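Peer 1:
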Amino acid sequence: MLPEIVAQNTSASQSVPWWKFFYDFSLLTQPVDVWLKGSVSPFWSTVIEMAIVGVLFLLFYAVVGLFLVYAERKVCAFIQNRLGPNRIGPFGIFQTVADLIKLLFKELIPIKNADSFLFNLAPFIVIIVNFMVLAAIPFSKGLHAIDFNIGIFYVIAVSSMSVVGVLLAGWSSNSKYSLIGAMRSGAQIVSYELSIGLAIITIVILAGSMQLSEIIEAQRTGWFIFKGHIPALIAFVIYIISSTAETNRGPFDMAEAESELTAGYHTEYSGIRFAFFYLAEYINMFIVASIAATLFLGGWMPFHVGSWDGFNRIMDFIPPFIWYIGKTFFIIWIIMLFKWTFPRLRIDQLLTLEWKYLLPINLLNVLIMAFIVLMGWHF
Amino acid sequence: MDIQVKELIADEKQEYIINMGPQHPSTHGVLRLVVSLQGEIVKNIEPHIGYIHRGIEKMCESITYPQIIHLTDRMDYLSAHINNEAVCLTVEKALEVDITDRIKVIRTIMSELTRIQSHQLFWASYGMDLGGQTCFFYGLRDREKILDIFEETCGGRMLVSYNCPGGLMYDIHPNFQQRVKDFIKYFRKALPEYDTILTGNVIFRERSIGIGPLTLKDAVSYGVTGPSGRASGFSCDVRKHEPYSAYDRVNFNEVIYNEGDTYHRYLARIEEMRESMNIIEQLIDNIPEGSYAIKMKPIIKLPEGEYFQRVETARGELDVFIISDGNKNPFRLKFRSPNFVNLGVLNHISKGFKIADLVAIAGSLDFVIPDIDR
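Protein chains in written order, with our numbering: chain A, 1 to 379; chain B, 1001 to 1374.
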């Protein structure tokens, strides 16, 4: 949506059949952009576009959050021999909506001696960080808010800010359980940030770019998890483990650990503020899953095999957005299975796992990947 | 010099004190633990009990013996049947009543079913204490089957009140034998599933092996009984040493480990479920004929004297001590409840471990809070 790019594409076709939009969203967005640029001043066109994107993200955020909460309940019910929500709406799909309405109407209980400014600020920091990361994620071909040359770097940088919200929540609640939870979470997120970063760097070496659209484009002939030999596979496993840890989900949900700390850093939150934390947790999961899908499974890129043109064209018929959603939810499903089948680790075991095992393996892995790329041994 | 000493004291006292309970998810009830922490490490634990104290021992002094049965249900509600049996055995011992073999065998089968369902709930909640929430539903799923058997025969599901002095309240339901056999057949298949989901899990083993070790010496001196004591090598199974009911006519092993950590306390319970199934299998096909209750006097009066009976509940040794002055209600009735004694060792074995381990240790001792408070 940068003016220069738009200027080059002023002659975008107006007579594209509607189903083409599913394969390339820029066919839809560029005419809108061109029309806006033509009718109002550049400043106001940018403002209007930002507002549209913001509203769309808000909608997306709510829908994905509610759906993931529902999905998690169904998945955990499936594992635990239960039915899960099945009363409100067909198959209980409106259960989470009902829960959200309930949370909206609940009283926000003021905490005695809490630092009320920080206490109120904390959930918003978590939410804002979520939004900022969402901006960089390519949902489909031509469907991303910003696509710049350090995209994946930006994602790492911004997503590590969510620890601030968690720490603030724990600190300002004036509760001992919250403080322990927040401190655990701080140690955990800061440690696993390293593993995530190194796993991403492994792929960046293979792709030769940090721009997310280029990373996806490089996977046109095959997803990186297949192209990058064993190092890519190791990086994928490490990424899944450490992203589970970074989103504070089981078996790494030390920060919440309800059997030890009741609810960890958000013990004292009630009503919609609690819902913010709860939603943010699920959106975080969505974000790490979509980054994993983008880096390792080709994002919206259909499943292509080298030079099998016929096969590749059949795969191209499935719209990119479906590919993206499918891959993301596959990874979300794996992360959910972790939570419902494993017991929880202890905090020192968690840090041992990171510093003594994942980090050295990861460092070695980066070297091997660099060597493979140097020698040109990848596909 | 003065200042230095003061600073030293201040440094020593820099502890982070948290209240675990009375409404904490992993204390399994209304137990309150005042935990002193240094960082994550537990320095000291002070259990505060009595939040669900109902004065059961005192209440027993003003009611008749058949009525006491209904109070003992509410002590260790997971071993309700065994608690009832303890009081009944004491009363029968005092009156020198000869109960029929049928009563003895049915009581034994019911006791072992109670033990299995208690250990199932232990497994379920222990899994949850360690964060494996799925265990809870698997455990309760299997426990339901035993509760259904209880419901059919006794009317009650958890608090069965099936015993009465001199026998049983009612005869067993015609389906009883078949359903118990079906259950054992089912549970022999379901038990390996428990091992798959929890016992063999790497994280679970990391979390429990070597945590909260209790030596044999400490187990004896603190009086830790039941599976927790036997995991430390303390041979304390009343069923073996002082057989009551029909335990003298069945073959079973006393499950004993020597390591005494949370993992072996857990294993001891899993193995006990297997042993209980063996006991039931030996008895279920040959329940002798006979009357299910001995006719007692309408008002039971114990002769003057002191009477004592030990039984093995799912959590350890329950002793009943009755002092009678010849009236229809006891002059003094004392329960030695296993949970109260086992709680005493908690501080000793969990010092120096992390707060997450405290939850695991407390879970492995398998407290039932109403039994502690009575």
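We treat Cβ as the ideally placed atom computed from N, Cα and C, and that holds for glycine.
What you are looking at is a predicted structure, and each value in this text was computed from that prediction instead of being measured.
I'd like to know whether the C-beta of Gly250/A is nearer than 8 angstroms to at least one C-beta of chain B.
Peer 2: The residue given as residue 250/A occupies position 250 in the first sequence. Closer than 8 angstroms: yes.
Peer 1: What are the residues of the segment 319-347 of chain A that lie near chain B, defined by any Cβ-Cβ distance shorter than 9 angstroms?
Peer 2: From the segment 319-347 of chain A, only Lys339, Trp340, Thr341, Phe342, Pro343, Arg344, Leu345, Arg346, Ile347 have a Cβ closer than 9 angstroms to chain B.
Peer 1: Does Ile1349/B get closer than 8 angstroms to chain A when you measure Cβ to Cβ?
Peer 2: As a working mapping, residue 1349/B is identified with position 349 in the second sequence. So, not an interface residue.
Peer 1: Leaving out five residues on either side along the sequence, give the residues of the same chain with a beta carbon under 7 angstroms from the beta carbon of Val373/A.
Peer 2: Residue numbering aside, residue 373/A sits at position 373 when the first sequence is read from its first letter. Only Ile205, Leu206 meet the Cβ criterion.
Peer 1: Tell me which same chain residues have a C-beta within less than 7 angstroms of the C-beta of Arg1207/B, skipping the five on either side of it?
Peer 2: As a working note, residue 1207/B is residue 207 in the second sequence. Cβ within range, chain order: Leu1130, Ala1360.
Peer 1: Ends of the beta strand (DSSP E) at Ser1324/B?
Peer 2: Locating residue 1324/B in the second sequence gives position 324, where the first residue counts as 1. Where Ser1324/B is concerned, the enclosing beta strand (DSSP E) stretches over 1316-1324.
Peer 1: What residue ranges within the segment 1210-1262 of chain B form continuous alpha helix (DSSP H) runs of no fewer than 4 residues, ordered along the chain?
Peer 2: Taking only runs of at least 4 residues, the alpha helix (DSSP H) segments lying wholly in the segment 1210-1262 of chain B are 1216-1222, 1226-1230, 1238-1241.
Peer 1: Establish whether the CB of Tyr177/A and some CB of chain B are separated by less than 8 angstroms.
Peer 2: One-based indexing of the first sequence puts residue 177/A at position 177. Yes - at least one Cβ of chain B is within 8 angstroms of the one on Tyr177/A.
Peer 1: What do you get for Leu1089/B, buried or exposed, if any count of 16 or more other CB atoms within 10 angstroms of its CB means buried?
Peer 2: As a working note, residue 1089/B is residue 89 in the second sequence. Answer is buried; the Cβ neighbour count reaches 16.
Peer 1: Would you identify the three-state DSSP class for Phe1353/B, choosing helix, strand or coil?
Peer 2: Translated into positions along the second sequence, residue 1353/B becomes position 353. Coil.
Peer 1: When the Cα atoms are used, what is the spatial distance from Arg73/A to Arg1102/B?
Peer 2: The count along the first sequence starts at 1 and reaches residue 73/A at position 73. The count along the second sequence starts at 1 and reaches residue 1102/B at position 102. If you take the alpha carbons of Arg73/A and Arg1102/B, they lie about 48 angstroms apart.
Peer 1: Would the segment 1241-1251 of chain B and the segment 1102-1113 of chain B be scored as touching if the rule is three or more Cβ pairs under 8 angstroms?
Peer 2: They touch, by the three-pair rule.
Peer 1: What residues in its chain sit with their C-beta under 6 angstroms from that of Ala1219/B, if we drop five residues either side in the sequence?
Peer 2: The residue you call residue 1219/B lines up with position 219 of the second sequence. Cβ neighbours of Ala1219/B beyond the five flanking positions: Gly1229, Ser1232, Phe1234.
Peer 1: Let me check understanding here. Comparing Cα to Cα, which of Leu345/A, Lys356/A, Ala145/A lies closest to Glu256/A?
Peer 2: Residue 256/A sits at position 256 when you count from the first residue of the first sequence. That would be Leu345/A, whose Cα lies nearest to the Cα of Glu256/A.
Peer 1: From the beta carbon of Lys1185/B, is the nearest beta carbon of chain A less than 8 angstroms away?
Peer 2: Counting from one through the second sequence, the residue named residue 1185/B turns up at place 185. So, not an interface residue.
Peer 1: Taking Ala1124/B as the reference, give the member of Ser1118/B, Val1320/B, Tyr1257/B, Cys1135/B with the closest Cα.
Peer 2: To locate residue 1124/B, count along the second sequence from 1; it is residue 124. Ranking Ser1118/B, Val1320/B, Tyr1257/B, Cys1135/B by Cα distance to Ala1124/B puts Cys1135/B first.
Peer 1: With a Cβ-Cβ cutoff of 8 angstroms, do Ala114/A and Ser172/A count as a contact?
Peer 2: The count along the first sequence starts at 1 and reaches residue 114/A at position 114. The count along the first sequence starts at 1 and reaches residue 172/A at position 172. The answer is yes: Cβ separation under 8 angstroms.
Peer 1: Does the distance from the C-beta atom of Trp377/A to that of Cys76/A stay below 8 angstroms?
Peer 2: The residue given as residue 377/A occupies position 377 in the first sequence. The residue given as residue 76/A occupies position 76 in the first sequence. Not a contact, by the Cβ cut-off of 8 angstroms.
Peer 1: What residue from Ile1069/B, Gly1021/B, Gln1014/B, Tyr1051/B has the CA that sits closest to Phe1335/B's CA?
Peer 2: As a working mapping, residue 1335/B is identified with position 335 in the second sequence. Phe1335/B has its Cα closest to that of Ile1069/B, out of Ile1069/B, Gly1021/B, Gln1014/B, Tyr1051/B.
Peer 1: For Leu56/A versus Ala136/A, is the C-beta distance shorter than 8 angstroms?
Peer 2: Translated into the one-based positions of the first sequence, residue 56/A becomes position 56. Translated into the one-based positions of the first sequence, residue 136/A becomes position 136. Against a cut-off of 8 angstroms, the Cβ pair of Ala136/A and Leu56/A comes out as no contact.
Peer 1: What residues in its chain sit with their C-beta under 7 angstroms from that of Ile225/A, if we drop five residues either side in the sequence?
Peer 2: Taking the first sequence and counting its residues from 1, one reaches residue 225/A at position 225. Same-chain partners within the cutoff: Ala232, Leu233, Phe236, Phe296, Leu297.
Peer 1: Give the single residue among Ala71/A, Arg273/A, Val155/A, Trp19/A whose Cα lies nearest to the Cα of Phe91/A.
Peer 2: Within the first sequence, numbered from 1, the residue matching residue 91/A stands at position 91. Here the closest residue by C-alpha is Ala71/A.
Peer 1: Gln1133/B by DSSP, collapsed to three states: which one?
Peer 2: Sequence index remark: in the second sequence, residue 1133/B carries index 133 (1-based). Here Gln1133/B sits in helix by DSSP.
Peer 1: Residues of the segment 1116-1149 of chain B with a CB closer than 9 angstroms to any CB of chain A: list them in chain order, please.
Peer 2: Residues passing the 9 angstroms Cβ filter: Gly1127, Met1128, Asp1129, Leu1130, Gly1131, Gly1132, Gln1133, Thr1134, Cys1135, Phe1136, Phe1137, Tyr1138, Arg1141.
Peer 1: Assuming the contact rule is C-beta atoms closer than 8 angstroms, Trp300/A and Ile216/A should be a hit. Round their C-beta distance to whole Å, please.
Peer 2: Mapped onto the first sequence, residue 300/A falls at position 300. Mapped onto the first sequence, residue 216/A falls at position 216. With a Cβ gap of about 7 angstroms, Trp300/A and Ile216/A count as contacting.
Peer 1: Under 8 angstroms by Cβ, that's how I've got Ser191/A and Leu364/A pegged, so tell me the actual separation to the nearest angstrom.
Peer 2: Residue numbering aside, residue 191/A sits at position 191 when the first sequence is read from its first letter. Residue numbering aside, residue 364/A sits at position 364 when the first sequence is read from its first letter. So it is not a contact: roughly 18 angstroms between Cβ atoms.
Peer 1: Let me know if Leu356/A comes out buried or exposed under the rule of 16 or more other beta-carbons within 10 Å of its beta-carbon.
Peer 2: Translated into the one-based positions of the first sequence, residue 356/A becomes position 356. A small correction: the amino acid at residue 356/A is Lys; Leu does not occupy that position in the sequence shown. Lys356/A is exposed by the Cβ-count criterion.
Peer 1: Measuring only the C-alpha atoms, how far is Tyr154/A from Val133/A?
Peer 2: As a position in the first sequence, residue 154/A is number 154, starting the count at 1. As a position in the first sequence, residue 133/A is number 133, starting the count at 1. Looking at the two C-alpha atoms, the distance is approximately 8 angstroms.
Peer 1: Roughly how far, in whole angstroms, is the beta-carbon of Asp1076/B from the beta-carbon of Asp1371/B, given that I think they are within contact range, below 8 angstroms?
Peer 2: The residue given as residue 1076/B occupies position 76 in the second sequence. The residue given as residue 1371/B occupies position 371 in the second sequence. Contact holds; Cβ gap of about 4 angstroms.
Peer 1: What are the start and end residues of each continuous alpha helix (DSSP H) run of 4 or more residues lying completely inside the segment 1100-1186 of chain B, in chain order?
Peer 2: For the segment 1100-1186 of chain B, whole alpha helix (DSSP H) runs of length 4 or above, ordered along the chain, are 1101-1129, 1133-1154.
Peer 1: Quick one, are the C-beta atoms of Asn130/A and Ala280/A less than 8 angstroms apart?
Peer 2: The sequence position of residue 130/A within the first sequence is 130, counting from 1. The sequence position of residue 280/A within the first sequence is 280, counting from 1. Yes.
Peer 1: Output the boundary residues of the alpha helix (DSSP H) element that contains Ile241/A.
Peer 2: In the first sequence, the residue the question calls residue 241/A occupies position 241. Here the alpha helix (DSSP H) through Ile241/A covers 229-246.
Peer 1: Going straight from the alpha carbon of Tyr1138/B to that of Gly1132/B, what length do you get?
Peer 2: Walking along the second sequence from the start, residue 1138/B turns up at place 138. Walking along the second sequence from the start, residue 1132/B turns up at place 132. If I take the Cα positions, the gap works out to 11 angstroms.
Peer 1: Taking the alpha-carbon positions, what's the Asn1201/B to Ala62/A distance?
Peer 2: As a first step, residue 1201/B must be located in the second sequence, where it is residue number 201. As a first step, residue 62/A must be located in the first sequence, where it is residue number 62. Looking at the two C-alpha atoms, the distance is approximately 36 angstroms.
Peer 1: Throw me the rounded Cβ distance for the Ile1300/B and Thr1064/B pair, which I believe falls under 8 angstroms.
Peer 2: Sequence index remark: in the second sequence, residue 1300/B carries index 300 (1-based). Sequence index remark: in the second sequence, residue 1064/B carries index 64 (1-based). Indeed they touch by this definition, with Cβ atoms about 7 angstroms apart.
Peer 1: In its own chain, which residues sit with a C-beta less than 6 angstroms from the C-beta of Ser162/A, not counting the 5 before and 5 after it?
Peer 2: In the first sequence, residue 162/A corresponds to position 162, counting from 1. Within the same chain, Ser162/A has close Cβ partners Val126, Val129.
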